[in-house]
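Heads up: the sequence lines are chains A and B, in that order. In this note's numbering, each residue carries its 1-based index in the first sequence increased by 6. In this note's numbering, each residue carries its 1-based index in the second sequence increased by 6. From the three backbone atoms N, C-alpha and C, an ideal C-beta is built for every residue, glycine too.
2 protein chains.
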Amino acid sequence: MQILDGNLTSRTIKNEIAQKVQEWQSKGIRKPHLAAVLVGENGASMTYVGAKVKACEEVGFDSTLIQRPASCTEDELLAIVHDLNANPDIDGYIIQLPLPAHISDKRVLEAVDPSKDVDGFHPENIGRMALNLPCFLPATPAGIVTLLERYGIETSGKHCVVLGRSHIVGMPMTLLMQRNAQPGNCTVTVVHSKSKNIDAICREADIIIAAIGQPEFVKADMVKQGAVVVDVGITRVADASKKSGFRLCGDVAFDEVAPKCSFITPVPGGVGPMTIVSLLMNTLLAAENRSVSK
Amino acid sequence: MQILDGNLTSRTIKNEIAQKVQEWQSKGIRKPHLAAVLVGENGASMTYVGAKVKACEEVGFDSTLIQRPASCTEDELLAIVHDLNANPDIDGYIIQLPLPAHISDKRVLEAVDPSKDVDGFHPENIGRMALNLPCFLPATPAGIVTLLERYGIETSGKHCVVLGRSHIVGMPMTLLMQRNAQPGNCTVTVVHSKSKNIDAICREADIIIAAIGQPEFVKADMVKQGAVVVDVGITRVADASKKSGFRLCGDVAFDEVAPKCSFITPVPGGVGPMTIVSLLMNTLLAAENRSVSK
Numbered sequence: 007m008q009i010l011d012g013n014l015t016s017r018t019i020k021n022e023i024a025q026k027v028q029e030w031q032s033k034g035i036r037k038p039h040l041a042a043v044l045v046g047e048n049g050a051s052m053t054y055v056g057a058k059v060k061a062c063e064e065v066g067f068d069s070t071l072i073q074r075p076a077s078c079t080e081d082e083l084l085a086i087v088h089d090l091n092a093n094p095d096i097d098g099y100i101i102q103l104p105l106p107a108h109i110s111d112k113r114v115l116e117a118v119d120p121s122k123d124v125d126g127f128h129p130e131n132i133g134r135m136a137l138n139l140p141c142f143l144p145a146t147p148a149g150i151v152t153l154l155e156r157y158g159i160e161t162s163g164k165h166c167v168v169l170g171r172s173h174i175v176g177m178p179m180t181l182l183m184q185r186n187a188q189p190g191n192c193t194v195t196v197v198h199s200k201s202k203n204i205d206a207i208c209r210e211a212d213i214i215i216a217a218i219g220q221p222e223f224v225k226a227d228m229v230k231q232g233a234v235v236v237d238v239g240i241t242r243v244a245d246a247s248k249k250s251g252f253r254l255c256g257d258v259a260f261d262e263v264a265p266k267c268s269f270i271t272p273v274p275g276g277v278g279p280m281t282i283v284s285l286l287m288n289t290l291l292a293a294e295n296r297s298v299s300k
Numbered sequence: 007m008q009i010l011d012g013n014l015t016s017r018t019i020k021n022e023i024a025q026k027v028q029e030w031q032s033k034g035i036r037k038p039h040l041a042a043v044l045v046g047e048n049g050a051s052m053t054y055v056g057a058k059v060k061a062c063e064e065v066g067f068d069s070t071l072i073q074r075p076a077s078c079t080e081d082e083l084l085a086i087v088h089d090l091n092a093n094p095d096i097d098g099y100i101i102q103l104p105l106p107a108h109i110s111d112k113r114v115l116e117a118v119d120p121s122k123d124v125d126g127f128h129p130e131n132i133g134r135m136a137l138n139l140p141c142f143l144p145a146t147p148a149g150i151v152t153l154l155e156r157y158g159i160e161t162s163g164k165h166c167v168v169l170g171r172s173h174i175v176g177m178p179m180t181l182l183m184q185r186n187a188q189p190g191n192c193t194v195t196v197v198h199s200k201s202k203n204i205d206a207i208c209r210e211a212d213i214i215i216a217a218i219g220q221p222e223f224v225k226a227d228m229v230k231q232g233a234v235v236v237d238v239g240i241t242r243v244a245d246a247s248k249k250s251g252f253r254l255c256g257d258v259a260f261d262e263v264a265p266k267c268s269f270i271t272p273v274p275g276g277v278g279p280m281t282i283v284s285l286l287m288n289t290l291l292a293a294e295n296r297s298v299s300k
């Protein structure tokens, strides 16, 4: 059993990106520039955005954090989006979700210029991914694919079972794993809340990607000997023994599942760090596109 | 065993559309108007476009056929596309594929205004379908979903196996059958040229959608008793006993498979007529959107 080490892999890729940025600067090309928009004071959101800004600094990107109170109106947010679309100094930007309930995620995300949509959430980018056209891939699925690729895991002809059909992980994973690409070319089965016989379906899987947000849902008896298991879940579970009062728990019962696997991601330190790296890779790509189009 | 009768269902829906058009006209709203662009003299393409134009007439739509010789350049075709995008009298239009080899399908289809893309081929419409947002669904997948719906076939929680991952049938089918909608909510498995154990996977299916273009690929021993089988294939197979010298053959060995099915589509007369009806439904929707936005 080998750990798919997201911390290590993300550090390696960050170094590669940092080197590229240095090369650009030595040629007089300006650094990639990511903007992040944060509305309200959601603790988790603040942590995530902070980590993204820090990652930008680590690789030498410019970053801009735009913060607005939870009272920000949809029109005010849309005005920010339009400014960011028009601003030639910004290569790409993200709107941190969730937004306050009085703002429509859909309307805001659809207003993002697809060429600056480094989260890969815009319908046009999702469609281009489905059609195997150049695009910004959604960050978590892209991170998983990169992790599989960096560990040289053969996916072609394998049966991949995706647990969950969310728009930001499960659904895009089914598209990425089925398409004619490397990694890809899997027989893909997607299961979700309406599915039956999930245990039996998982037992057929060469690769399991668990993204349903149910702590330790995947047990050892659902996993075939030698399977590759990728755990996207990250839920806070109450734990009195921890100073914080909780521990982070994946969708996979790691201790019992790991011994059966050829490869498995830990939680934390697996998919999580890869997600941020995907955002950096998308921003780099946006900056490259900008340079090309000039 | 019951036949999923595409001829009958498409006639019913055409009557419904024709009635709607008449209602519109009695209110002074102009008819929906579909344009079709045909480049070159491909026999099958001419037949398909002819059938689409005829279907428009049947339901009372206006239609315009724009024909250009195979020598038409990409720039000339793009100019037609831009004119159609700008023309307020055209609600929707299609570019009949395949295009001559010197023209990029991709470039032309991406130039189509998504709000007039009644074939549902534009990346933005594919992405909106994936995200379960209002959009034009690609015609064949939409026709299949409509057929299942009209026959009241329960899909929620069923295991649907899609054979083929083409951008116009297989891939969109996987998205439509998995999404949280009715029809939908299936556990979906997609198999393709790189897949293994296809026979065994098919035997698990409650619903099989065959779209690989291999005549009579699906045999009786691949089908579970009581399954629903939808046959998208339509290949010309040499047949000396026919005046034309060929017969139309689906992806399913109908004679041996049908007795095991609860429902099955014939070829021809199953999915084919539903595809044209989807195009009409999309054009009606485009015209409705036009009325709303005015």
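Inter-residue spacing [alpha-carbon to alpha-carbon] between residue i and residue j
| i | j | result |
| --- | --- | --- |
| His88/A | Ile109/A | 16 Å |
| Arg253/B | Lys58/B | 22 Å |
| Asp257/A | Pro221/A | 5 Å |
| Ser363/A | Thr53/A | For residue 363/A there is no data in the structure shown, the boundaries of chain A being 7 and 300. |
| Asp95/A | Ser16/B | 53 Å |
| Gly2/A | Lys200/B | Residue 2/A falls outside the range modelled here, since chain A spans only 7 to 300, and no answer is possible. |
| Gly232/B | Lys266/B | 6 Å |
| Phe67/A | Ser172/B | 39 Å |
| Pro144/A | Glu22/A | 20 Å |
| Leu90/B | Leu71/B | 12 Å |
| Ile213/A | Leu103/B | 37 Å |
| Ile207/A | Ile207/B | 11 Å |
| Lys248/A | Cys255/A | 13 Å |
| Phe177/A | Lys33/B | According to the sequence as given, residue 177/A is Met; it is not Phe. Answer to the nearest angstrom: the Cα atoms are 43 Å apart. |
| Glu160/A | Ser51/A | 35 Å |
| Glu80/A | Leu291/A | 29 Å |
Exposure label - residue i; buried when at least 16 CB within 10 Å
| i | result |
| --- | --- |
| Ala14/B | In the sequence as presented, Ala is not what sits at residue 14/B; that position holds Leu. Answer is exposed; the Cβ neighbour count stays below 16. |
| Arg242/B | exposed |
| Gly239/A | buried |
| Asp261/B | exposed |
| Asp245/A | exposed |
| Pro38/A | buried |
| Gly251/A | exposed |
| Gln31/B | exposed |
| Ala217/B | buried |
| Ser69/B | buried |
| Thr281/A | buried |
| Gln25/B | exposed |
| Thr18/B | exposed |
| Gly133/A | buried |
| Ala293/B | buried |
| Glu116/A | buried |
| Gly190/B | buried |
| Gly170/B | buried |
Beta-carbon spacing of residue i, residue j below 7 Å
| i | j | result |
| --- | --- | --- |
| Cys62/A | Leu44/A | no |
| Val124/A | Gly98/A | yes |
| Val114/B | Leu83/B | yes |
| Thr180/B | Val194/B | yes |
| Phe269/B | Gln8/B | yes |
| Arg185/B | Asn131/B | no |
| Ala211/A | His165/A | yes |
| Val305/B | Ala42/B | Residue 305/B lies beyond the range of chain B shown here (7 to 300); nothing can be said about it. |
| Val175/A | Thr146/A | yes |
| Ile215/A | Val236/A | yes |
| Gly12/A | Gly276/A | yes |
| Val65/A | Lys122/A | no |
| Leu182/B | Leu10/B | no |
| Phe142/B | Asn288/B | yes |
| Ala226/A | Val273/A | no |
Contact list for residue i against chain C, beta-carbon separation under 9 Å
| i | result |
| --- | --- |
| Ile207/A | This model lacks chain C altogether, as its protein chains are A and B. |
Exercise. For the segment 71–101 of chain B, list the alpha helix (DSSP H) runs that are entirely contained and at least 4 residues long, ordered along the chain.
Key: Here the runs fully enclosed are 80–92.
Self-check item: Unbroken stretches of the beta strand (DSSP E), 3 residues or longer, contained in the segment 173–253 of chain A
Solution: Counting whole runs of 3 or more residues, the segment 173–253 of chain A contains the beta strand (DSSP E) stretches 193–197, 213–216, 233–237 and 241–244.
Quiz prompt | Residues, ordered as in the chain, of the segment 121–134 of chain A that lie near chain B by beta-carbon distance below 8 Å | solution = Here the close residues are His128, Pro129, Glu130, Asn131, Ile132, Gly133 and Arg134.
Exercise. Taking a Cβ distance cut-off of 7 Å, strictly less, list which residues of the segment 164–178 of chain B are near chain A, in chain order.
Key: The residues in question are Arg171, His173 and Met177.
Quiz item: Just by C-beta distance, which residues in the segment 54–87 of chain A are closer than 9 Å to chain B?
Solution: Of all residues in the segment 54–87 of chain A, none comes within less than 9 Å of chain B when Cβ atoms are compared.
Quiz item: Fully enclosed by the segment 115–139 of chain B, which beta strand (DSSP E) runs are 3 residues long or longer?
Solution: Counting whole runs of 3 or more residues, the segment 115–139 of chain B contains no beta strand (DSSP E) stretch at all.
Self-check item: Against chain B: residues of the segment 134–150 of chain A by CB proximity under 7 Å
Solution: Hits within the stretch, in order: Arg134, Ala136, Leu137 and Leu139.
Quiz item: Given a limit of 9 Å on CB to CB distance, which residues of the segment 89–111 of chain A reach chain B?
Solution: The residues in question: there are none.
Self-check item: Sequence ranges, alpha helix (DSSP H) only - wholly within the segment 258–287 of chain B, length at least 4
Solution: The segment 258–287 of chain B is shown to contain whole alpha helix (DSSP H) runs of 4 or more residues at 260–263, in chain order.
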